[in-house]
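This report concerns only the one structure given below.
Residue numbers (our numbering), protein chains in the order written: chain S, 198 to 302; chain G, 1151 to 1378.
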């Protein structure tokens, strides 16, 4: 279990790192060109990581793989995204579905 | 306002940027709720929104913490997601770091602007070709989003500390948030290949590695996306 102090370390380190990324591109590198391959790799990182996060948060608890009420919630979220619903509606619909399936199950 | 009346273009940019800034800020409600349900305190959730101020990384870090991961794995995944802000910074530097006469802004002002180099400001700024409108888009989006993002986090976190998170399905808030962030990255076949590989690698490794580490390894999905 993570302690309160460790969480503050995480918050500080992540804030410092995120700012460093922003400032390094914006202030230090500026409009100088980057190698195309590097730029393409960097642009693909969110696709891989976000999809991995969806998979992890839907089908795992700790190290165990399981299918539970969350899967129904995420399925509803996917439909909501496909129908171009606003972010908050997507999240609320997923939560409501998961809570409902859990209450019924 | 009289100055704006004669400048319909600028008025359009201000209105669009402000609308986007406030709308996305509402997302912060779900971040505040989810962060507290994952084990963060209200002040930790607020500190993330004030200082980290990049949504996907904030959600990612709290998702790993909530799942029982270590701070190292929580940091790793969130940091990798933050790297894209570096690319945005390069894209924005030529557009918003100079004034109307083409003079470079002072270093303190550029260092302040850097905090607002995120998905939404990049999208709104790069959509404008005229430098004057691009600068307006950047600052209006940045400031409206920063205010609503932080207010939303505070309200969400306070609400989250009063609620029973499991009964409310709050654990589904994380994957739903990531689902909502994905479409922008799935427009190309490279993006779709990288996403599919990332998800498969993550699930395949989850039972065998520490919690959150599978997310880090999933970044090899990039290699499957980048090959022609």
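Every residue gets a Cβ at the ideal spot worked out from N, C-alpha and C, and that includes glycine.
Here the alpha carbon of residue 219(S) sits roughly 20 Å from the alpha carbon of residue 1334(G). The residue from 1322(G), 1330(G) and 1342(G) with its alpha-carbon nearest to that of residue 253(S) is 1322(G). Collapsing the DSSP output to three states places residue 1254(G) in a strand.
For residue 301(S), the nearest beta carbon of chain G is not closer than 7 Å to its own beta carbon. Bounds of the alpha helix (DSSP H) holding residue 1300(G) are 1281-1310. Unbroken beta strand (DSSP E) stretches of 3 residues or longer found wholly inside the stretch 205-257 of chain S: none. Annotated three-state conformation of residue 200(S) is coil, per DSSP. For residue 1272(G), the enclosing alpha helix (DSSP H) stretches over residues 1269-1276.
Residues of the stretch 1359-1378 of chain G with a C-beta atom less than 7 Å from some C-beta of chain S are 1361, 1364, 1365, 1368, 1369, 1371, 1372, 1375 and 1376, listed in chain order. Under the DSSP assignment, residue 1324(G) falls in the alpha helix (DSSP H) whose first and last residues are 1323-1331. Here residue 1356(G) carries a coil assignment [DSSP, helix/strand/coil]. Here the C-alpha atom of residue 250(S) lies approximately 25 Å from the C-alpha atom of residue 1265(G). In the three-state reduction of the DSSP assignment, residue 1248(G) falls in the strand class, which pools E and B.
For residue 267(S), the chain G residues whose Cβ falls inside 7 Å of its Cβ are 1321, 1322 and 1325, in order along the chain.
For residue 1208(G), the enclosing alpha helix (DSSP H) starts and ends at 1205-1216. Secondary structure note for residue 284(S): its alpha helix (DSSP H) is the uninterrupted segment 284-301. Judged by beta-carbon spacing, residue 247(S) lies beyond the 7 Å limit of residue 1225(G), meaning their Cβ atoms are not closer than that value. DSSP places residue 1183(G) in the uninterrupted alpha helix (DSSP H) bounded by 1177-1187. Between residue 214(S) and residue 1239(G), the C-beta gap is not smaller than 7 Å, which leaves the two residues out of contact. Below the 9 Å Cβ cutoff, chain G contributes no neighbours of residue 280(S), its closest Cβ being approximately 12 Å away.
Collapsing the DSSP output to three states places residue 1317(G) in coil.
The residue from 1376(G), 1375(G), 1354(G) and 1295(G) with its alpha-carbon nearest to that of residue 1367(G) is 1354(G). Under the Cβ distance rule, residue 1194(G) counts among the residues neighbouring chain S, one pair being separated by less than 7 Å. One Cα belongs to residue 202(S), the other to residue 1190(G), and the distance between them is close to 11 Å. Taking one beta carbon from each stretch, the stretch 1279-1298 of chain G and the stretch 262-269 of chain S have fewer than 3 pairs nearer than 8 Å; the two do not touch.
As computed with DSSP, residue 261(S) is found in a beta bridge with 258(S). Membership of residue 1223(G) in the alpha helix (DSSP H) is indicated by the continuous run 1221-1232.
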